[in-house]
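Take a look at the structure set out below.
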Amino acid sequence: MSVRNIPNAISMEFLETKGISKSLTTWQKVKYIATHITVEPVVFFYILPGIMCLLASQNLYLEKACSVNLKYNSTVCDAMVRRDQTGYESFQEDEVQRMVSKMLSIKTAIIGFFPTLLLLFFGSWSDRHCRRKPVILIPIICDTISALELLLTAHFFFELSIEYTMVADSLPYAFGGGWSCVFLGVFSYVSGISSEEDRTIRIGALSMFQNVAMAIGNVTGGLLIGPLGLRGAYMFAALLMSSAAIYGLIVIKEEKIVKDEEARLQKNFLKDFFDINHVKNTFKICFKEGPSNRKWKTVVILIATAMIIGPLQGELAVVYLYTRIKFGWSEVDFTIYNTVQFFIQTAGSIFALTYFSKKLKIDDAMLGIIALFSKISACLIYAFAPSGHFFFLGSIAEVFHGTCHIALRSLMAKIVPPHELGQSNSVFGVCEALMPLVYGPMYTILYNRTLGVFPGGFYLISALLYFITLPLFFWLYKCSKRDKKIALEKAKDVEQEQELLQKNNSSTQRKSI
Numbered sequence: 023m024s025v026r027n028i029p030n031a032i033s034m035e036f037l038e039t040k041g042i043s044k045s046l047t048t049w050q051k052v053k054y055i056a057t058h059i060t061v062e063p064v065v066f067f068y069i070l071p072g073i074m075c076l077l078a079s080q081n082l083y084l085e086k087a088c089s090v091n092l093k094y095n096s097t098v099c100d101a102m103v104r105r106d107q108t109g110y111e112s113f114q115e116d117e118v119q120r121m122v123s124k125m126l127s128i129k130t131a132i133i134g135f136f137p138t139l140l141l142l143f144f145g146s147w148s149d150r151h152c153r154r155k156p157v158i159l160i161p162i163i164c165d166t167i168s169a170l171e172l173l174l175t176a177h178f179f180f181e182l183s184i185e186y187t188m189v190a191d192s193l194p195y196a197f198g199g200g201w202s203c204v205f206l207g208v209f210s211y212v213s214g215i216s217s218e219e220d221r222t223i224r225i226g227a228l229s230m231f232q233n234v235a236m237a238i239g240n241v242t243g244g245l246l247i248g249p250l251g252l253r254g255a256y257m258f259a260a261l262l263m264s265s266a267a268i269y270g271l272i273v274i275k276e277e278k279i280v281k282d283e284e285a286r287l288q289k290n291f292l293k294d295f296f297d298i299n300h301v302k303n304t305f306k307i308c309f310k311e312g313p314s315n316r317k318w319k320t321v322v323i324l325i326a327t328a329m330i331i332g333p334l335q336g337e338l339a340v341v342y343l344y345t346r347i348k349f350g351w352s353e354v355d356f357t358i359y360n361t362v363q364f365f366i367q368t369a370g371s372i373f374a375l376t377y378f379s380k381k382l383k384i385d386d387a388m389l390g391i392i393a394l395f396s397k398i399s400a401c402l403i404y405a406f407a408p409s410g411h412f413f414f415l416g417s418i419a420e421v422f423h424g425t426c427h428i429a430l431r432s433l434m435a436k437i438v439p440p441h442e443l444g445q446s447n448s449v450f451g452v453c454e455a456l457m458p459l460v461y462g463p464m465y466t467i468l469y470n471r472t473l474g475v476f477p478g479g480f481y482l483i484s485a486l487l488y489f490i491t492l493p494l495f496f497w498l499y500k501c502s503k504r505d506k507k508i509a510l511e512k513a514k515d516v517e518q519e520q521e522l523l524q525k526n527n528s529s530t531q532r533k534s535i
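For what it's worth, the numbering used here labels the leading residue of the sequence shown as 23, then goes sequentially.
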């Protein structure tokens, strides 16, 4: 990839984008990666407190529902917080969880709707003005505001009901665009500064930062809620998010662009940003015809994204409630599970990227197939686990699940030219952002209906959706093999033509002599 093809939103530390030389030692490669880190810390220090707040907020919802809305006495609610099942009846836990799951379904609808709209405009605006930094930083600032508002609801505990908590938890996040907009910015940024051969690894590294942040966020969320309390947890989260925003503001460099004065005068920012024609153009560009069956590959990748990210979002909405009522877990037990799951999936992702992808050159679509089989087996274990210890075995079964999202991002990045990355990633992000809107309420309602019969039933729905997705990855794999075969044949034809030209030139020179 030449420098002129890199969007101007990209900082200039990657002027050499042809990848790390194979002759470099391991230490030199580590040094190279360390000196070229840019957006990764932003992702890390944004996701970490976000996950921490997620666990803290679910506890806050449970406590608010018990004490404020349902008005159970402090003995019952304190016992429920401690997971002391001798201090409350099972029907009381059921009532609390039903109220919480109802609030979570409303929350997921809100955080699915508004980010979806923003993504459509953010992606087009980002490409037209060659700007990635606002797309990354605005959601972080809004999420910081959300953490501060949750701090207030925790402080005024009895004055503000669970409904106020839900609004504080969802609206600032939704109006900022949330995780989807941040990932739109960082993945467009990273995809643009990476050569095609390094793109899978580069996206994988960014996903690894995300996974590490999620794991540490789960650990800190579970372990620090006790000593710090909910107010301390939210204050700590707001501090980390503010640090991420300040770091991104300073470190992510963007070239100064001379704007056309006449165009600037004709349209102000809001008219330019919310121009519906740009949204139409975004979809036209994303789904336009192109070489190697580009249009249908894009459609299949987006469908696969919906079938993979959706169940994951749905599970995240109810899994903590599920483990509380099925195994009697506390937030510390849930933290231990998340930590174990993280280390196993991290090891699986590293192995898949370094051995399957880098060494064996296994296709991205095949990585997705391996990941899906891994996740399907895990869902069956989770659904029918008779005990908490058996539930942990599901983490081992889904060892390669982390590579599925990496494979999807890499597949999308490889079929889109650099100057269209923002718009294509915005459609990809819209697909992801819609998932909480669809799957969040679906899973919470399903969990509510099956709570007294089979609370793990939502995992069977996930397994079914993952199984339906398998043919899509097989089709992508078939297309990839065909494209490589065609490319190899073309390369051979070019080589033969060059040999014939050389022979003709040689014979011509001999005749002239």
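Yeah, the Cβ is synthetic: ideal placement off N, Cα and C, and Gly gets one too. None of the values given here were measured: they were computed from a predicted structure.
M236 beta carbon less than 8 Å from that of I372: no
field: Pick from T357, G200, A419, L459 that is closest to A78, judged by C-alpha positions
entry: T357
field: Backbone secondary structure at T175 - three-state DSSP
entry: helix
- request: Please state whether DSSP places I42 in a helix, a strand or coil.
  value: Confidence at I42 is low in this model, with a pLDDT of 43, below 50, so the placement of that residue is unreliable and no value is reported for it.
query: Where does S352 sit, in a helix, a strand or coil, going by DSSP?
result: coil
- prompt: Just curious, the alpha helix (DSSP H) that L402 is in, first and last residue?
  reply: 386-406
- prompt: What residue does the alpha helix (DSSP H) around F412 start on, and which one ends it?
  reply: 410-419
- prompt: Going by alpha carbons, who is nearest to G145 out of V208, V421, L252, E181?
  reply: V208
query: Just to confirm, are A555 and L126 a CB contact at a threshold of 8 Å?
result: Any property of residue 555 remains undetermined from this structure, which presents the chain solely from 23 to 535.
message: In whole angstroms, give me the CA-to-CA distance for L402 and Y481.
response: 7 Å
- request: Take Y211 as the anchor and find which of V157, G199, I490 has the nearest alpha-carbon.
  value: V157
- prompt: If you draw a straight line from the C-alpha of E283 to the C-alpha of L139, how long is it?
  reply: Low local confidence applies: a pLDDT of 42 at E283 is under 50, so the model's placement there is unreliable, with the coordinate-based value given in what follows. Roughly 29 Å between the two C-alpha positions.
query: With a CB to CB cut of under 6 Å and the five nearest residues on each side skipped, what residues in its chain are close to T166?
result: A260, M263, S264
query: Can you give the Cα-Cα distance for E521 and A509, rounded to whole angstroms?
result: 18 Å
task: To the nearest angstrom, report how far apart L228 and I323 are at their CA atoms.
output: 20 Å
- prompt: Would you say G243 and I73 are within 8 Å of each other, going by their C-beta atoms?
  reply: yes
- request: Taking only the alpha-carbon atoms, compute the straight-line gap between N81 and P194 and give it to the nearest angstrom.
  value: 20 Å
message: I'd like to know if the stretch 423-440 and the stretch 307-321 are in contact, where contact means that at least 3 CB-CB pairs between them fall below 8 Å.
response: yes
query: What did DSSP end up calling N233 once you bin it into helix, strand or coil?
result: helix
task: Going by CA-CA distance only, name the one from I162, N95, E111 that's closest to F67.
output: I162
message: Quick check on the DSSP output: the alpha helix (DSSP H) that includes Y68 runs from which residue to which?
response: 62-86
query: Given a threshold of 16 other Cβ atoms within 10 Å of its Cβ, counted over all protein chains shown, does S96 qualify as buried or as exposed?
result: exposed
- prompt: Quick one: Cα of M329 to Cα of L498, how far?
  reply: 15 Å
Alpha helix (DSSP H) segment containing P194, residue limits: 184-198
- prompt: So what does DSSP say about S484, is it helix, strand or coil?
  reply: helix
message: Please classify S192 as buried or exposed, where buried requires at least 16 neighbouring CB atoms within 10 angstroms.
response: buried
field: DSSP-derived helix/strand/coil call for S314
entry: coil
query: Under a three-way DSSP split, which group does G270 fall into?
result: helix
message: Our contact map puts G226 next to L375 with C-beta atoms below 8 Å; I'd like the distance itself, whole angstroms only.
response: 5 Å
query: Are the stretch 478-496 and the stretch 173-187 touching by the rule of at least three beta carbon pairs closer than 8 Å?
result: no
- prompt: Should V204 and C308 be called a contact, given that it needs their Cβ atoms to be closer than 8 Å?
  reply: no
message: At the level of alpha carbons, what is the spacing between G248 and S352?
response: 11 Å
query: Over what stretch of residues does the alpha helix (DSSP H) that includes D297 continue unbroken?
result: Taken as a continuous stretch (DSSP letters only), D297 belongs to no alpha helix (DSSP H), as it is neither H nor E.
field: Closest residue to I184 among I238, F364, I128 (Cα-Cα distance)
entry: I128
Of the residues L487, E337, T60, K302, the one placed nearest P458, counting alpha carbons only: E337
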